[in-house]
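Beneath this line is the structure, given in structure tokens, with notes to follow.
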Amino acid sequence: MISSEGQRPAGLTASYLHQLFPAAMATAVFAAFAHAGLVAIAARSIGLELLYIAGLSFVVALVPALAGGAILLLICGIFALRLPASLLLFLVVIQAVAIELEMLFFEGGFNDISWQYGLITAPASVVAWYRSVYYAHKNT
Numbered sequence: 643m644i645s646s647e648g649q650r651p652a653g654l655t656a657s658y659l660h661q662l663f664p665a666a667m668a669t670a671v672f673a674a675f676a677h678a679g680l681v682a683i684a685a686r687s688i689g690l691e692l693l694y695i696a697g698l699s700f701v702v703a704l705v706p707a708l709a710g711g712a713i714l715l716l717i718c719g720i721f722a723l724r725l726p727a728s729l730l731l732f733l734v735v736i737q738a739v740a741i742e743l744e745m746l747f748f749e750g751g752f753n754d755i756s757w758q759y760g761l762i763t764a765p766a767s768v769v770a771w772y773r774s775v776y777y778a779h780k781n782t
């Protein structure tokens with residue numbers, strides 16, 4: 643099966659996976675800064691604890707970004723998803739994973755989900771998609 647761009651999905655998948663680590667790093671850095679920024683706004687203070695929050699947020703975001711990013715990029719490559727479909731996939735899946743992680747870590751229910759995580763995960767989804775799928779499409 644050859645995609646409309648003229649590449650075989652295997653080649654497209656390889657170019658996607660080549661972008662996995664840079665995309666995961668960019669996503670984790672964005673999530674760390676965004677989370678620390680939201681905490682600083684809510685607490686109305688800036689201090690050393692924001693560095694701890696950013697560091698912890700970076701690690702917590704990097705692990706699922708690497709594992710989940712690999713799965714998302716494989717899906718995009720195998721099914722040769724076009725840019726809009728792959729962006730929608732990233733947005734929906736990353737939001738679902740963020741909601742599940744929040745419910746798991748904070749032992750809350752569906753009614754306890756904080757809307758502030760959407761301020762982090764929606765742009766982080768776009769960062770992950772841009773740095774992986776879009777970047778691979780642009781450079782092929």
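Heads up: the sequence shown begins at 643 in this note's numbering, then just goes up one per residue.
Yeah, the Cβ is synthetic: ideal placement off N, Cα and C, and Gly gets one too.
A quick note: this is a predicted structure, and the numbers were derived from the prediction, not measured.
Check, Outcome
"Close beta carbons around residue 661, own chain, < 6 angstroms, minus the five adjacent residues each side", "774, 777, 778"
"Selection from 735, 734, 755, 727 that minimises the alpha carbon distance to residue 744", "755"
"DSSP state of residue 722 mapped onto helix, strand, coil", "coil"
"Inter-residue spacing [alpha-carbon to alpha-carbon] between residue 740 and residue 709", "14 angstroms"
"Validate contact between the segment 716-723 and the segment 685-699 using beta carbons, cut 8 angstroms, 3 pairs", "no"
"Rounded distance between the beta-carbons of residue 764 and residue 669, thought under 8 angstroms", "That belief does not hold up - the Cβ atoms of residue 669 and residue 764 are roughly 12 angstroms apart, past 8 angstroms."
"Selection from 712, 713, 771, 672 that minimises the alpha carbon distance to residue 702", "672"
"Residue 674 vs residue 700 beta-carbon contact at 7 angstroms", "yes"
"Start-to-end residues for the alpha helix (DSSP H) that takes in residue 771", "758-771"
"Short Cβ contact (7 angstroms threshold) for residue 732 with residue 771", "yes"
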